[in-house]
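Read through the structure below, which is laid out as structure tokens, and then see the notes.
Residue numbers (the numbering used here): 4 to 354.
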């Protein structure tokens with residue numbers, strides 16, 4: 004047998020190291036846990052207090068306790084199985100139990116793929132490269148500091164990217180830029196509209212910005228969405244069959260109304276997420292309507308965020324603090340997760 008690597012399990016702030024190996028006993032093969040996890044591309048979380056484990060894959064969970072004759076699928080479906088056990092201090096799975104877990108993961112994945120769900124989270128950090136966005140230099144008793152909008156938007160976007168990749172390993176998390184590079188507004192929208200998704204797959208588009216004002220007292224965050232009386236062409240007539248051209252305006256109106264509702268819901272959830280995290284540290288300026296270029300040309304639910312005023316001396320101190328920017332990212336993340344949960348539980352707001 005080759006050298007085994009320890010498997011690190013994280014739970015309740017405790018790290019437990021368990022090594023496993025291939026064992027064979029009785030009438031059925033016993034498979035080492037580490038091998039099973041690698042084959043399934045899954046993770047094992049361990050709770051040393053309850054001496055129980057949880058196998059997770061793409062948002063699905065299988066809970067078990069060594070020596071118990073059951074496993075629990077996603078906290079709602081109990082199944083009798085041959086016991087997962089310890090052999091010489093190592094956790095092993097009977098082949099039939101491993102097959103049952105594999106079958107469940109496969110079934111859930113098929114259901115997920117055929118059900119309306121958010122497939123892509125597209126994050127657009129505003130400005131970049133030769134376009135610094137808003138900038139302002141503040142004087143303090145310790146000297147001066149300058150805030151650049153392009154730097155702040157990228158920091159928030161990169162934190163969001165990390166949070167979403169950990170939460171949704173099965174979804175595509177895309178940033179329009181990951182470095183200090185320049186992108187035209189048209190290029191940002193093209194990245195969104197060129198995504199290839201199925202009819203039951205949704206894309207969520209978030210454009211991140213920071214504010215500036217001649218009024219140095221202006222402060223706070225706000226979320227913008229497309230006004231309901233704005234109309235855009237979501238289906239291009241040149242791509243339609245001849246007999247379909249007469250109904251293209253009707254279909255565009257229907258799609259626009261759907262995306263407007265989804266964008267308002269998305270904006271509401273993000274605003275709530277920011278409010279819960281930032282509290283009374285700054286001002287919740289609410290939701291606004293505007294036909295911003297990146298919003299009006301994206302063929303999907305889309306919002307534009309203004310996360311604070313670079314020109315406000317008090318807010319500038321907050322925005323220069325990485326911890327505060329992390330709070331902004333957390334608020335956005337919580338809001339989008341709320342939107343995704345509602346969207347997927349209602350099968351695209353159809354239930």
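Beta carbons are placed, not taken as given, at the ideal position from N, Cα and C, and that holds for glycine.
From the options, residue whose alpha carbon lies closest to that of residue i
{"i": "residue 215", "options": "88, 338, 152, 63", "result": "152"}
{"i": "residue 223", "options": "317, 94, 193, 173", "result": "317"}
{"i": "residue 201", "options": "79, 340, 119", "result": "119"}
{"i": "residue 40", "options": "51, 57, 31", "result": "57"}
{"i": "residue 225", "options": "219, 292, 171, 137", "result": "292"}
{"i": "residue 345", "options": "269, 128, 35, 314", "result": "269"}
{"i": "residue 339", "options": "142, 319, 282, 265", "result": "265"}
{"i": "residue 307", "options": "192, 77, 286", "result": "192"}
Contact belief for residue i with residue j at Cβ below 8 Å, rounded distance in angstroms
{"i": "residue 208", "j": "residue 117", "result": "With 8 Å as the limit, residue 208 and residue 117 do not qualify as a contact, their Cβ atoms being about 24 Å apart."}
{"i": "residue 228", "j": "residue 290", "result": "7 Å"}
{"i": "residue 159", "j": "residue 332", "result": "5 Å"}
{"i": "residue 283", "j": "residue 221", "result": "Contact flag wrong, Cβ pair sits at about 17 Å."}
{"i": "residue 74", "j": "residue 82", "result": "6 Å"}
Endpoints, the alpha helix (DSSP H) within which residue i is located
{"i": "residue 51", "result": "First-last for residue 51: undefined, no H or E at that position."}
{"i": "residue 336", "result": "325-348"}
{"i": "residue 171", "result": "Residue 171 -> no alpha helix (DSSP H), and no H or E assigned at all."}
{"i": "residue 109", "result": "98-117"}
{"i": "residue 316", "result": "316-322"}
DSSP state of residue i mapped onto helix, strand, coil
{"i": "residue 351", "result": "coil"}
{"i": "residue 179", "result": "coil"}
{"i": "residue 284", "result": "coil"}
{"i": "residue 278", "result": "helix"}
{"i": "residue 186", "result": "coil"}
{"i": "residue 191", "result": "helix"}
{"i": "residue 210", "result": "strand"}
{"i": "residue 358", "result": "No answer is possible for residue 358: it lies beyond the span of the chain, which begins at 4 and ends at 354."}
{"i": "residue 134", "result": "strand"}
{"i": "residue 126", "result": "strand"}
{"i": "residue 77", "result": "coil"}
{"i": "residue 273", "result": "helix"}
First and last residue of the uninterrupted beta strand (DSSP E) at residue i
{"i": "residue 287", "result": "287-292"}
{"i": "residue 200", "result": "Unbroken run through residue 200: none, as it is neither H nor E."}
Chain D within 8 Å of residue i, Cβ atoms only
{"i": "residue 283", "result": "In summary, chain D is missing from the structure at hand, where a single protein chain is found."}
Between the stretch 169-178 and the stretch 119-134, do at least 3 Cβ pairs fall closer than 8 Å?
Contact between the stretch 169-178 and the stretch 119-134 is present, because at least three Cβ pairs lie under 8 Å.
Does the contact criterion of 3 or more C-beta pairs under 8 Å hold for the stretch 270-279 versus the stretch 87-103?
Output reads no: the stretch 87-103 does not touch the stretch 270-279.
For the 8 Å Cβ check, are there 3 or more pairs between the stretch 131-138 and the stretch 100-107?
The answer is no - the stretch 100-107 does not touch the stretch 131-138, with fewer than three Cβ pairs under 8 Å.
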